[in-house]
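Take a look at the structure below.
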Amino acid sequence: MSVKWRRYVRLDEPLYTKPFFVFASLAGIAFLLGFYRELTGLGYVTGLNDGYSWGLFKNWNVTALTALGSGGYAVAILTWLFGERKFHPIMRTALLTSFLGYGTGMLCLGFDVGRPWNFLHFNNPRNWNSHSVLAEVAICMTAYIIFALDVENMPPFLERMYQSQDPRKSQLAMKIFYAIRATYPFFVALAFLLPTMHQASLGELMFLAGPRVHPLWQTARLPLLYLLMAYILGLACVLMVLLLSNMVWNFGWDFDILNQLTKLMGRLTAAWLAIQYADLAYRHVIGLVFKFDFYSLWFLVQTFLLLVPALLLWFRPLRNRPGTLFVLTFFLSIGGIIYRFTPTTIAFFPLGDYRYFPSVAEILMSIGFTSFAVTLFLIAVKKFAILPAAAGKAVAGAAVQPFDTL
Amino acid sequence: MDVNRRDILKGLIGGTAIAGVVASAIPAASSETEVAAQADAVGLLYDATKCIGCRACMPACQNANGLTPDRGNSGGLYMQPEALNAHTKNLIKLYVADDGHERSFMKQQCMHCIDPACVSGCPMNALHKEPMGVVGWNGSLCIGCRYCQIACPFNVPKFEWDQVNPKIVKCELCRHIVGKTESQPACTKVCPTHAVIYGKRSELLAEAHRRISEHPGQYFEDRVYGEFEGGGTQCLVLSRVDFSHLGLPKLGKESGPAQVRYVSNFIYRGFLTPIVLYGGLAGVMSYRWKHHLIHSESPEHHEGDLPEATTQEEKQV
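Residue numbers (this note's numbering), protein chains in the order written: chain A, 8 to 413; chain B, 83 to 399.
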């Protein structure tokens, strides 16, 4: 039974539940290990080595989580550029996943770099290497968090500030809100431009490695493929967050919105695969796909994980069953995440006798920083009006005017 | 509303088309992104046919650079590095073919590329080109991102994984002593057979070609590795055996950074693309925003909103 989601409610649920403590403890472990890493060195915590110098942190916490965190970017494009007003109710959810994905990714990156204190020199633009793709990624991601995601995620907080008993606080909240309201289009335009740039550049990073990446993945079209995959994974993440939240807190199924997101995600995935295979054909390496060696099989697994859900999601009955929809979206995003993992590790030639598998501490840190995002999400949806809900759902509070315009 | 939407789409398509025409008017040929060697570029010429594998250059390198010996799996008795690592900037290895006949030594170290991938990738210019083309590392700018390790086609830069204050370790052609207390790097100074010599790249290249023409057929494919590979390197290698057996990758004439610059120029068009894109997006957004505010702040929009009666406070009443 489909309902129509209204915008933004604060869930009427207890915050301190068992899952909350599990995620919070995992996050705590990650911070402790991170602290230990700062006192010892990367070699004591991670399985990284001179052949595979980028591993789980870069693959999962940075490249995969920022792709999954592109939901705010993808949904904002639908709502604002294509004028699909019906997506407004899921806007705050999408923007929150973006903020948490990017925020915890950058946090983990802070532990991954060997000499983090030298980030201070990043404040001086004269130190930027204008030819460095990595410099561009770092600058654009930081700018995206500071100038776009922070501003876009402000309204729920301002709203709570406005509702406080202190009239000065209320006034201040209103003032800040109207400042944002007056300049919002320029921030959102930045929120379109910066991810476009850094998601494309994330792909271009591995282009510099040239022959060190297997030809099935190494292509000059990496920027395009990475950018499109960010849209796909961003939509998938928003979908999965909405589906899971709804299964847990039961705020009604708006199949109109879910259907549209799914359809778009599936079609983008099909287009993405078409582009990837066209590029292989253009570079005359398509034969490598059917060589049935390790790389070819890995490539086919990735294609299978993307293609099968994308095709199945074409059928309306499958899209209208939340459980099935979740499973298919999950497998599709695994395919996309595998793609993001591959060029830096799995299809990367270390040039020497090197092996890499993440160490236990590394995996715990990686999971922990992701759990930190989940913990913050649980706090956010119970303390602030973030999620959409069907009319009539018992909630702790709803977005108030004029904050609910954002 | 629908008419407006169509207008916007038309505007968007039109704008993109104009941007595309403007963008394609600026040529970006990959030959234009290539870099030539500096006139004063220095380097090494390693002739594997002259190397006797005495490894004298290895401790000399470590002494000159203040590196501690890498005892690896040797039980602490010998310096026994298996590969270049945080203790080893210079390593002599032996290649023996499976049939046991063909064999050759190989000196592994930084090749000091003319257009180095590490320098191109380094976000903060910690890795940079020194006056004579030497690729140097500046620890006060390095953030330890290790992109140089990913980018280097020879897998040369090494990282101190066990240090709180880790450094990137690679050959810098003894730039801290050459021209000051020494006239050449430690490895060339001690080499008893002059298998590795130091000098200007142009002179080393001439010397390499002289040896090839003097001994036709002695050197693999009668060519110098590093003359063109990856845009050219300042350290050159001569060998009897196939270069790929010595761990020297097959690289095209175009350097990795030149290809990246080509792709970047194609996308960015000298930062024109982001500016045009931002202008277009801000324009569309301003229009959308105005309409969104009119629509969402109107009283009709709030009819049928979540009834306040469902909030917690009133439920308790």
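Note that the Cβ used here is the ideal one computed from N, Cα and C, for glycine as well.
Under the Cβ distance rule, B/Arg-292 does not count among the residues neighbouring chain A, no pair being separated by less than 9 Å.
As a beta-bridge residue in DSSP terms, B/Thr-315 pairs with B/Cys-195. As the crow flies, the alpha-carbon of A/Pro-123 is around 6 Å from that of A/Gly-117. For the options B/His-258, B/Gln-144, B/Gln-245, the alpha carbon positioned closest to that of A/Gly-50 is the one of B/Gln-245.
If you compare the alpha carbons of B/Pro-267, B/Arg-283, B/Lys-171 with that of B/Ala-121, the shortest gap goes to B/Arg-283. The beta strand (DSSP E) runs lying completely inside the region 245-278 of chain A and spanning 3 residues or more number zero.
Close partners of A/Met-148 in chain B (Cβ separation under 9 Å) are lacking, with about 12 Å as the shortest Cβ gap. In the same chain as A/Leu-385, and ignoring 5 residues on each side of it, the C-beta atoms closer than 6 Å to its own belong to Phe-27, in chain order. With distances taken between CA atoms, A/Thr-100 lies nearest to A/Asn-160 out of A/Asn-160, A/Arg-175, A/Thr-53, A/Val-292. Considered as a whole, the region 149-221 of chain B harbours 173-178, 185-190, 209-211, 217-219 as its complete beta strand (DSSP E) runs of no fewer than 3 residues, in chain order. Here the region 371-383 of chain A makes contact with the region 107-115 of chain A; the two share three or more CB pairs at distances below 8 Å. Against A/Ala-145, the close residues of chain B are Pro-205, in the order they occur along the chain (beta-carbon pairs closer than 7 Å). Using beta-carbon distances, B/Pro-331 counts as an interface residue toward chain A, with a partner under 9 Å.
Residues of chain A with a Cβ closer than 8 Å to the Cβ of B/Glu-379 are, in chain order, Gln-408, Pro-409, Thr-412.
Beta-carbon to beta-carbon, B/Gly-329 and B/Gln-190 are separated by about 7 Å, close enough to satisfy the 8 Å threshold. Apart from the 5 residues on each side of it in sequence, A/Thr-352 sits with its Cβ closer than 8 Å to the Cβ of Tyr-59, Trp-61, Gly-62, Asn-66, Tyr-363 in its chain, given in chain order.
For B/Phe-236, the secondary structure class from DSSP, reduced to helix, strand or coil, is coil. Setting aside the 5 residues that flank it on each side, B/Asn-220 is surrounded in the same chain by Ala-208, His-210, each with a C-beta closer than 7 Å to its C-beta; the list follows chain order. Assignment of A/Pro-163 by DSSP, reduced to helix, strand and coil, places it in the helix class. Around the C-beta of A/Ile-153, fewer than 16 other C-beta atoms lie within 10 Å, and the residue is accordingly described as exposed. Between A/Thr-331 and A/Leu-246, the C-beta spacing is not below 9 Å. For the region 200-213 of chain A, the beta-carbon criterion of a distance under 8 Å to any beta-carbon of chain B is satisfied by Leu-200, Thr-203, Met-204, Ala-207, Glu-211, Leu-212, Met-213.
Counting only runs of 4 or more residues that sit fully inside the region 67-113 of chain A, the alpha helix (DSSP H) segments are 72-75, 78-83, in chain order.
Per DSSP, the unbroken alpha helix (DSSP H) holding B/Ile-349 starts and ends at 338-350. A Cβ of chain B is located within less than 9 Å of the beta carbon of A/Thr-351. According to DSSP, residue pairing for A/Gly-404 in a beta bridge involves A/Arg-17. Judged by DSSP in its simplified three-state form, B/Gly-281 adopts strand. In this structure A/Val-29 is exposed. Its beta-carbon is surrounded by fewer than 16 other beta-carbon atoms within 10 angstroms. In the DSSP assignment, A/Val-308 falls within the unbroken alpha helix (DSSP H) covering 301-319. Nearest CB-CB separation between A/Arg-362 and chain B: not below the 9 Å threshold.
Cβ atoms of A/Ser-303 and A/Leu-295 come within 8 Å of each other, at about 6 Å. Going by beta carbons, A/Ala-405 and A/Tyr-15 fall inside the 9 Å limit.
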